Amino acid sequence: MPDGEATAAALVPGAAPVPGSGPGARSPEPPLTYLDHAASTPMRPEVVEAMAPFAAHVFGHPSGSHRQARAARAALEEARDQVAQVLGCAPAEVVFTAGGTEADNLAVLGALGAAALERPGRPTVVVSSAVEHAAVLASCRAAAARLPGVEHQEVGVDSRGVLHLDQLADALDEDVALVTVMLANNEVGTVQPLSDVVAEVARRAPGAFVHTDAVQAAPWLDLAEAAAGAALVSVSAHKLGGPKGAGALVVRKGTPLLPLMVGGGQERERRAGTHDVAGAVGLAAALAASAAEREEESVRVAALRDRLADGIQAAVPAVVEAADRKDVLPGHCLLCFSGVDREELVLLLDQAGVCVSGGAACASGALEPSHVLAAMGVPDADARGAIRFSLGHTSSSADVERALAVVPEAVARLRG
Ligand code: PLP
106 MPDGEATAAA LVPGAAPVPG SGPGARSPEP PLTYLDHAAS TPMRPEVVEA MAPFAAHVFG
166 HPSGSHRQAR AARAALEEAR DQVAQVLGCA PAEVVFTAGG TEADNLAVLG ALGAAALERP
226 GRPTVVVSSA VEHAAVLASC RAAAARLPGV EHQEVGVDSR GVLHLDQLAD ALDEDVALVT
286 VMLANNEVGT VQPLSDVVAE VARRAPGAFV HTDAVQAAPW LDLAEAAAGA ALVSVSAHKL
346 GGPKGAGALV VRKGTPLLPL MVGGGQERER RAGTHDVAGA VGLAAALAAS AAEREEESVR
406 VAALRDRLAD GIQAAVPAVV EAADRKDVLP GHCLLCFSGV DREELVLLLD QAGVCVSGGA
466 ACASGALEPS HVLAAMGVPD ADARGAIRFS LGHTSSSADV ERALAVVPEA VARLRG
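So, in structure tokens, the structure goes:
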């Protein structure tokens with residue numbers, strides 16, 4: 106641990122495993138008002154329970170032949186079936202990964218690697234939205250830097266964060282091998298018109314494959330329907346109440362993919378390495394649990410989010426909501442507090458026990474300017490005061506009331 110860093114137990118007194126409060130929350134003594142579910146949401150009790158045997162006594166290598174190995178393999182394949190059912194694909198199309206970042210890297214670098222091999226001497230173009238997560242954007246840039254003939258083009262978004270379909274249409278031709286557009290944005294929560302993207306690609310670049318990063322959308326949208334047209338779909342367990350470091354990439358039949366990890370031939374030669382059986386079981390349990398409550402939870406959480414966003418805007422002057430709520434996921438709300446430094450506000454709110462996000466941090470710990478807000482045309486002065494409040498399955502009205510009691514005072518203090 107770096108010098109001067111406090112222990113987890115010191116930072117979260119009571120060591121209650123699940124932050125949150127009130128009905129819907131599972132911790133009797135809430136240590137925190139946790140409003141950063143889009144960064145990571147607490148593990149669901151049923152997920153912890155499903156994973157426990159694999160931490161305790163089912164430890165076999167799932168590629169082996171004896172009973173311990175067979176038990177691990179049976180659990181892995183059961184998890185694969187469950188994941189496939191929720192994601193609307195065949196079990197053989199599920200590739201387990203170590204999270205969303207790996208799924209995105211495998212989709213982009215894997216699909217472009219395969220495409221570049223198939224078309225020597227011809228350009229291989231990847232088109233992405235300008236507001237993709239860094240895992241996708243950096244993969245596109247790495248592919249362009251490392252793979253001969255690969256070029257990356259970005260397509261912009263409008264002021265709501267929605268992809269410009271006309272610009273996408275202009276970018277599509279026979280050189281395009283991959284189009285990657287996230288289902289919903291991590292910062293603002295804007296949901297993209299993925300079926301329109303798929304239709305446009307089929308019309309203008311029929312040889313291209315579509316990848317969607319569904320990491321943020323997974324708790325809120327039925328991916329079997331919403332991502333049906335994408336050949337490649339990324340999900341991550343820890344956004345769903347599952348463990349960190351577990352995820353999956355759906356690779357639909359007939360989608361060429363060059364593996365990033367080679368060695369043991371696992372996952373039908375698409376991702377080598379001894380399986381994280383507990384992680385796969387956790388991902389499956391988290392997907393199943395969130396799918397079962399999706400409709401009710403979307404309504405409940407959107408109502409809490411609306412109360413929070415309306416309450417803050419009623420109490421604090423000069424606040425701009427980055428996107429229209431009808432375009433965004435139920436748990437997301439990004440507010441720009443003009444004249445406030447987001448880093449200072451995050452720290453002040455943290456001191457009051459309210460956890461929110463001010464954006465992605467770079468290696469030094471300072472916040473990066475948001476490429477998403479810049480692409481949406483949000484003025485710098487507003488973007489500097491942008492805070493993401495994100496609610497999830499443990500959020501309660503007590504969390505909202507506590508935030509409403511704390512945020513206006515914190516903003517006033519910083520503006521004062
Ligand atoms: N894609 C999106 C849209 C995300 O929000 C995240 C995580 O914040 C990732 C990818 C990366 O997923 P993971 O944290 O599992 O690596």
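So the number in this note's numbering is just where the residue sits in the sequence shown, counting from 1, plus 105. We put the CB at the ideal spot given by N, CA and C, even for glycine. Please read all numbers here as calculations on a predicted model, not as lab measurements.
Closest to residue i by CA distance: which of the options is it?
i: D327; options: G350, E292 and E400; result: E400
i: M366; options: A184, T202, A508 and S168; result: T202
i: A423; options: A331, A220, G490 and V230; result: G490
i: R507; options: V293, L454, E292 and E473; result: L454
i: F314; options: S339, P324 and P361; result: P361
i: Q321; options: D381, V433 and P364; result: V433
i: L299; options: K431, A333, P474 and E292; result: A333
i: A385; options: A176, A342 and S395; result: A342
i: V163; options: L181, P147 and M148; result: L181
i: A336; options: Q190, I492, D318 and D429; result: D318
i: L270; options: E305, R172, P484 and P196; result: E305
i: D429; options: G416, V267, D381 and Q272; result: V267
i: K431; options: A393, Q187, K344 and T295; result: T295
i: A310; options: G370, V230 and G350; result: V230
i: P225; options: L288, E154, D280 and V406; result: D280
i: E183; options: R493, P435 and V382; result: V382
Looking at residue j and residue i, is the spacing between their C-beta atoms short of 8 Å?
i: L192; j: A408; result: no
i: H142; j: S500; result: yes
i: R357; j: E198; result: yes
i: G347; j: V200; result: no
i: L217; j: L277; result: no
i: A174; j: P167; result: yes
i: L211; j: L354; result: yes
i: V241; j: V262; result: no
i: L222; j: C460; result: no
i: L509; j: A377; result: no
i: V516; j: L450; result: yes
i: R447; j: G464; result: yes
i: S339; j: D487; result: no
i: A391; j: L345; result: yes
i: R477; j: V236; result: It is Val, not Arg, that sits at residue 477 in the sequence shown. Result yes, Cβ atoms of V477 and V236 sit closer than 8 Å.
i: G387; j: A351; result: yes
Evaluate residue i with the Cβ neighbour count: other Cβ atoms within 10 Å of its Cβ, from every protein chain shown; 16 or more gives buried, anything less gives exposed.
i: D504; result: buried
i: V404; result: exposed
i: V123; result: The predicted model places V123 with a pLDDT of 46, which falls under 50 and marks its position as unreliable; any figure quoted below should be read in that light. The residue in question, V123, is buried, as its Cβ has 16 or more Cβ neighbours within 10 Å.
i: E514; result: exposed
i: P135; result: Residue placement at P135 is flagged as unreliable, the pLDDT there being 41, under the threshold of 50; a coordinate-derived value is accordingly withheld.
i: S170; result: exposed
i: Q456; result: exposed
i: E292; result: buried
i: L452; result: exposed
i: A397; result: exposed
i: V445; result: buried
i: E374; result: exposed
i: T379; result: exposed
i: E473; result: exposed
i: S264; result: exposed
i: P253; result: exposed
i: A130; result: Summary for A130: the model assigns pLDDT 49, below 50, so the residue's position carries little reliability, and this model does not support an answer.
i: R518; result: exposed
i: A389; result: buried
i: D108; result: Confidence is the limiting factor: at D108 the pLDDT is only 47, short of 50, which leaves the residue's position unreliable and the question unanswerable from this model.
i: G521; result: exposed
i: S126; result: Model confidence at S126 stands at a pLDDT of 44, short of 50, so the residue's coordinates are unreliable; what they give is reported in the following sentence. The residue is buried, with at least 16 neighbouring Cβ atoms inside 10 Å.
i: P128; result: Low confidence applies here, because P128 scores a pLDDT of 46, under 50, leaving its location unreliable; read the following figure in that light. P128 comes out exposed.
Original post:
What is the chain-ordered set of residues for which the beta carbon lies under 5 Å from any non-hydrogen atom of the ligand PLP?
Top reply: G204, G205, T206, H238, A240, N291, D318, V320, Q321 and S341
Original post:
What residue ranges within the region 318-368 form continuous beta strand (DSSP E) runs of no fewer than 3 residues, ordered along the chain?
Top reply: 337-341 and 352-356
**OP:** Tell me the start and end of each unbroken alpha helix (DSSP H) in the region 133-172 that is at least 4 residues and wholly inside, in chain order.
**Re:** 150-161
Subject >> Uninterrupted alpha helix (DSSP H) stretches inside the region 235-298 (no shorter than 4 residues) >> reply: 239-251 and 270-276
Subject >> Whole runs of the beta strand (DSSP E) within the region 365-438, excluding any shorter than 3 residues >> reply: 424-426
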